[in-house]
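Visitor: Counted the way my numbering counts, the sequence shown spans residues 11 to 380.
I have a structure I would like to understand better, so I am pasting it below and will then ask my questions one at a time.
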Amino acid sequence: MTAPAPAAPPTRALLTRVVRTYVAPHWKGLAFATLCAALAAGLTFAITYMLKPFLNGMDRGADLAAILRTAGLIAVLGVLRALALAGQVRVSSRLGHVMVGEIQADLLDRAVRADLARLRNTHTGGFVSSMLYDVDKVREATTTGLVNWTQNGLLLLAMLGLMVAQDLGLVVLVLLAAPLAFETIRKFSNRTARAANDAMVETSALSTAILESLDGVKVIKLENREAAERERVGKVIGRRQHFLIKGSNAKNLVQPTSELIMTLLIAAILAYAGWRATTGATCGAWMSPRARRPGSSPSLRRRMASSRSWRWPRATWCCGRVESRGSSRTVKGSTSSRSSTSCRRRSAPWGRRARSWRWRRTCPRTRMKT
11 MTAPAPAAPP TRALLTRVVR TYVAPHWKGL AFATLCAALA AGLTFAITYM
61 LKPFLNGMDR GADLAAILRT AGLIAVLGVL RALALAGQVR VSSRLGHVMV
111 GEIQADLLDR AVRADLARLR NTHTGGFVSS MLYDVDKVRE ATTTGLVNWT
161 QNGLLLLAML GLMVAQDLGL VVLVLLAAPL AFETIRKFSN RTARAANDAM
211 VETSALSTAI LESLDGVKVI KLENREAAER ERVGKVIGRR QHFLIKGSNA
261 KNLVQPTSEL IMTLLIAAIL AYAGWRATTG ATCGAWMSPR ARRPGSSPSL
311 RRRMASSRSW RWPRATWCCG RVESRGSSRT VKGSTSSRSS TSCRRRSAPW
361 GRRARSWRWR RTCPRTRMKT
């Protein structure tokens with residue numbers, strides 16, 4: 011008898027283990043990328059801050075030499091900001107792919123050293139999916155996500171501080187629209203997270219179906235079941251594409267929705283500016299904070315939408331065992347199905363329980379239909 015597989019560790023413990031095992035050895039490169047992100051945020055703030063005296067000087071008819079010096083300084087700061095962003099992207103990309111390679115090598119090593127009985131209970135497609143698809147999500151979460159959140163968070167705090175120093179009423183107007191914008195982004199993030207989780211499951215099922223077809227190709231040819239095999243794999247591909255398209259649509263709808271909110275906010279700001287113009291407000295006082303309004307960064311919107319689109323891979327990687335969290339998925343005949351651990355009421359009839367809201371949310375088959 012084979013001992014039952016241990017329970018999967020909680021997400022917090024798994025996250026801590028991944029950070030300690032794979033992220034900590036590359037702390038120097040990650041710190042450099044974070045420093046570049048902070049430098050880019052600071053230079054963006056400096057460029058925005060210089061717009062007020064520059065525009066006010068043009069209103070007062072300042073000499074051409076002063077205007078050219080200020081414009082040249084803004085151009086130099088822009089070049090430095092571009093170099094900082096380039097360094098951030100290069101270092102983050104290299105660290106992310108190095109971490110992916112290390113995790114993939116450790117996954118293969120643990121798979122080779124794992125217990126044979128446990129390996130037989132998990133189809134090869136689950137391991138292939140974890141190594142090729144799930145591991146790539148770690149790169150997005152640990153490098154790109156962390157550095158981008160640092161940069162945009164510092165930029166947001168700096169812009170809010172600048173707006174508070176220049177016009178408190180404008181800050182109040184922006185903060186009134188902030189809850190609506192963040193709530194909209196949060197809803198799209200939840201949709202993206204659910205779609206990404208289901209796509210990971212179907213990716214594993216697709217890998218399993220492809221490997222089954224290749225392993226049994228002789229039997230398929232003898233029985234002339236090529237068309238049936240194509241239809242079987244096509245159904246898995248269709249389910250996976252459904253979740254991928256669903257997640258992509260939810261992520262891409264964030265930008266037009268946030269742009270609509272920002273357009274309404276700009277209209278309100280213009281109305282407020284018309285009222286403040288009667289009190290003697292200058293052009294620079296308005297253009298400086300609005301040049302980088304909080305939340306208008308496209309990278310920040312994309313990162314907020316996709317921050318929850320990944321899920322820690324269903325394998326515990328190299329930290330104890332290489333068994334997928336969904337290793338209870340079994341292959342019966344030619345289709346893949348979840349075991350009773352995924353849906354405790356699989357044997358229940360599709361009657362009164364199927365109409366229950368809780369039952370429809372917990373059952374994977376019903377969730378795919380809805």
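Where is the CB? At the ideal position from N, CA and C, for every residue including glycine.
1. What are the boundary residues of the alpha helix (DSSP H) that includes P189?
2. Can you find the residues in the same chain that come closer than 8 Å, C-beta to C-beta, to L83, ignoring five residues on each side of it along the sequence?
3. Which of the three DSSP states is assigned to L263 in this structure?
4. Thinking C-alpha only, which one of L53, H107, A191, L24 is nearest H36?
5. Under a three-way DSSP split, which group does D125 fall into?
6. Give a yes or no on contact between the segment 168-177 and the segment 210-219, applying the rule of three or more CB pairs nearer than 8 Å.
7. What separation, rounded to the nearest whole angstrom, lies between the Cα atoms of L45 and E236?
8. Quick test of the definition: if touching needs 3 or more C-beta pairs under 8 Å, does the segment 195-204 touch the segment 102-121?
9. Using the C-alpha atoms, what's the distance from W285 back to S7?
10. Determine the DSSP secondary structure at R235, reduced to helix, strand or coil.
11. Would you say G171 and R104 are within 9 Å of each other, going by their C-beta atoms?
12. Tell me which same chain residues have a C-beta within less than 8 Å of the C-beta of A56, skipping the five on either side of it?
13. With a cut-off of 9 Å, does the C-beta of N259 fall near any C-beta of chain D?
14. Report all residues from its chain with a CB closer than 7 Å to the CB of E212; omit the five preceding and five following residues, and keep chain order.
15. Is it right to say E241 is buried, meaning 16 or more other beta carbons lie within 10 angstroms of its own, or is it exposed?
16. Does DSSP put T288 in a helix, in a strand, or in coil?
17. Should V110 go down as buried or exposed, given a rule of 16 or more other Cβ atoms within 10 Å for buried?
18. So A215 packs on G257, CB below 8 Å; how close in whole Å?
19. Would you mind giving the Cβ-Cβ distance between V145 and I113, rounded to the nearest angstrom? I have them listed as a contact below 8 Å.
20. Looking only at its chain, what residues have a beta carbon closer than 6 Å to the beta carbon of T194, apart from the 5 residues adjacent to it on each side?
21. Any chance the CB of K245 is under 8 Å from a heavy atom of the ligand MG?
22. So, under 8 Å CB-CB, A51 and A188 are touching, yes? Tell me the CB distance rounded to an integer number of Å.
23. Using only alpha-carbon positions, find the residue among V29, V157, T31 that is nearest to A41.
24. Three-state secondary structure (DSSP) at T326?
25. Assuming L49 and A85 make a contact with CB atoms under 8 Å, what is their CB distance in whole Å?
26. Going by Cα to Cα distance, which pick from V184, A260, I255 is closest to I276?
27. Please look up how many angstroms separate the CB atoms of Q98 and A47, rounded, as I've assumed it's under 8 Å.
28. Could you give the distance in angstroms between the alpha-carbon of S223 and the alpha-carbon of L232?
29. R91 and L53: beta carbons closer than 9 Å?
Guide: Answer, in terms of the structure:
1. 178-225
2. M60
3. coil
4. H107
5. coil
6. no
7. 56 Å
8. no
9. Not covered by the structure: residue 7. The range shown for the chain is 11 to 380.
10. coil
11. no
12. L87
13. Absent from the structure: chain D. Only one protein chain is present.
14. V246, R249, R250, F253
15. exposed
16. coil
17. buried
18. With a Cβ gap of about 17 Å, A215 and G257 do not count as contacting.
19. 5 Å
20. T267
21. Absent from the structure shown: the ligand MG. Ligands present: none.
22. Incorrect: roughly 19 Å between the Cβ atoms, too far for contact.
23. V157
24. With a pLDDT of 35 at T326, under the threshold of 50, the predicted position of this residue should be treated as unreliable, and no value is reported.
25. The Cβ separation is near 17 Å, so there is no contact.
26. V184
27. 5 Å
28. 13 Å
29. yes
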